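Worksheet: the structure to be examined is printed underneath.
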Amino acid sequence: MNKSIAVKNIVFVGFFQPSKFDKFFFIKNGLVKEDEILEPSVFSPEVVQFRTTGVSIAILLNQIIIHQVDILQDRIDEIAQKLIQSSDLEITAIGINITWNLSPDESLENSTKNFFLNERNEMFSKFFNSD
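Below is the structure:
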């Protein structure tokens, strides 16, 4: 079975003040360059949400999400570290969400049967046949 990471997110949970994170905060602290920030972006006292070609960042009152947009531009770890170092964050928990792509070495039909067939369940005999 071949596997690869499709999506990676880092999530901070805590108490955050989105009003502290204007566009220039991210530029001044080296998290992104000004020309990397794509439109439409939102920098308001209630929420910050912007995207570059590689990552998207959302800051809410109780959550910061750094989302990897392009798997070839894996910068979310670097951005998360710079964000922690350059601000006074009240973080109570950190989570990592990963989505995997799995590619079976055999046919999709056989892989599905091997992963999900339960021969003790009579219902499966109607949907999985040996043809």
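So for the sequence shown, the numbering used here puts the first residue at 33; every next one is plus one. For each residue, glycine too, the CB sits at the ideal point set by N, CA and C. All figures in this text were calculated on a predicted structure; none of them were measured in a lab.
Worksheet item: If V87 sits next to V80, beta carbons under 8 Å apart, how far is it from one beta carbon to the other, in whole angstroms?
Response: Counting from one through the sequence shown, the residue named residue 87 turns up at place 55. Counting from one through the sequence shown, the residue named residue 80 turns up at place 48. Going by Cβ atoms, the distance from V87 to V80 rounds to 13 Å, so no, they are not a contact pair.
Item to complete: List the DSSP bridge partners of F75.
Response: Counted from its first residue, the sequence shown places residue 75 at position 43. For F75, which the question treats as bridged, DSSP gives the partners V80.
Worksheet item: Since Q95 contacts V43 with CB under 8 Å, what's their CB separation in whole angstroms?
Response: Taking the sequence shown and counting its residues from 1, the one referred to as residue 95 is at position 63. Taking the sequence shown and counting its residues from 1, the one referred to as residue 43 is at position 11. Their Cβ separation, rounded to whole angstroms, is 6 Å, which keeps Q95 and V43 in contact under 8 Å.
Discussion item. Can you tell me whether F48 is buried or exposed? The criterion is at least 16 other CB atoms within 10 Å of its CB, across all chains shown.
Written reply: The residue given as residue 48 occupies position 16 in the sequence shown. Buried.
Item to complete: Tell me, please, whether the region 46 to 62 touches the region 143 to 153 by the rule of three or more beta-carbon pairs shorter than 8 Å.
Response: no
Worksheet entry | Residues near R107 in its chain [Cβ-Cβ closer than 7 Å; skip 5 each side] | In the sequence shown, residue 107 corresponds to position 75, counting from 1. These residues qualify, in order along the chain: G86, V87.
Worksheet entry | Runs of alpha helix (DSSP H) lying entirely within the region 45 to 75, each at least 4 residues, in chain order | 55 to 60
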